[in-house]
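Our numbering applies: residue 1 is where the sequence shown begins, and numbers increase by one.
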Amino acid sequence: MRTGIYVGSFNPFTIGHASIVRRALPLFDRLVIGVVGDNVNKPNMPKADERMQAIKALYADDTRIEVKIFNGLAMDFAKAENAQFIVKGVRNVNDFEYEQAQADFNRRLGGIETILLYTEPELASVSSSALRELQHFGVDISEFLPKKQ
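Rendered as structure tokens:
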């Protein structure tokens with residue numbers, strides 16, 4: 001069984017994230033969405049269980065998708081899930097450089113390959129951090145959040 005993981009904070013899970021899931025799904029028999037439980041760089045996130053439940057609700061009808069909380073390194077989560085691949089979305093050069101370094105560590109230290117999927121051009125500006133800022137200032141961000149399929 002070909003298994004991939006797609007990991008992130010998903011705070012919030014955006015239409016950009018949903019696009020990566022949709023486009024990655026044909027590559028795998030099973031795709032596990034890993035919701036970061038403890039992100040040292042983002043200490044004030046909503047609880048991981050809340051984020052996980054929201055994503056689970058989106059994909060409740062697709063048995064190929066599982067949503068789980070994980071703590072620690074993505075490569076360790078991949079091994080625990082018997083995944084051969086980590087899927088990451090890339091919006092720009094900054095994302096690419098960061099993900100390239102992560103992919104190198106995951107391959108060298110964990111034997112896990114990374115698949116980079118480039119963001120669809122119309123979604124390149126959609127980021128969770130931008131949406132959190134907009135929401136902070138009272139902007140309705142619902143058009144950037146996926147609807148149940």
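Just so it is clear, CB atoms sit at the ideal spot from N, CA and C, and this is done for glycine as well.
State the Cα-Cα distance for the pair residue i and residue j, rounded to the nearest angstrom.
i	j	result
isoleucine 86	valine 32	10 Å
isoleucine 69	glycine 16	20 Å
leucine 116	tyrosine 59	22 Å
histidine 136	arginine 23	30 Å
asparagine 92	serine 129	15 Å
glutamate 143	alanine 83	32 Å
alanine 124	arginine 30	26 Å
glutamate 150	lysine 148	The question about residue 150 has no answer, for the chain in this structure spans 1 to 149.
Report back the beta-carbon spacing between residue i and residue j to the nearest angstrom; my notes put them in contact at under 8 Å.
i	j	result
isoleucine 20	glycine 89	4 Å
alanine 101	threonine 114	That pair is no contact at about 11 Å.
leucine 134	threonine 14	So it is not a contact: roughly 12 Å between Cβ atoms.
Apart from the five residues just before and just after residue i, which ones in its own chain have a Cβ nearer than 6 Å to its Cβ?
i	result
valine 67	Ile33, Met52, Ile55, Lys56
alanine 74	Val7, Ile86
leucine 25	Leu31
Which word fits residue i, buried or exposed, when buried means at least 16 other C-beta atoms lie within 10 angstroms of its C-beta?
i	result
proline 12	buried
asparagine 94	exposed
leucine 146	Note on residue identity: the sequence assigns proline, not leucine, to residue 146. Proline 146 comes out buried.
valine 139	exposed
If I measure Cβ to Cβ from residue i and keep anything under 7 Å in the same chain, skipping five residues before and after, which residues do I get?
i	result
phenylalanine 77	Ile5, Val7, Gly34, Phe70
Output needed for residue i: all residues of its chain with C-beta closer than 8 Å, excluding positions within five of it in sequence on either side, in chain order.
i	result
phenylalanine 28	Arg2, Thr3, Gly4, Arg64, Phe85
arginine 107	Glu113, Thr114
glutamate 99	Lys88, Val90, Thr114, Leu116
Give a yes or no on whether 8 Å exceeds the smallest Cβ distance from residue i to chain C.
i	result
alanine 54	Considering every chain present, this structure includes no chain C. It has just one protein chain.
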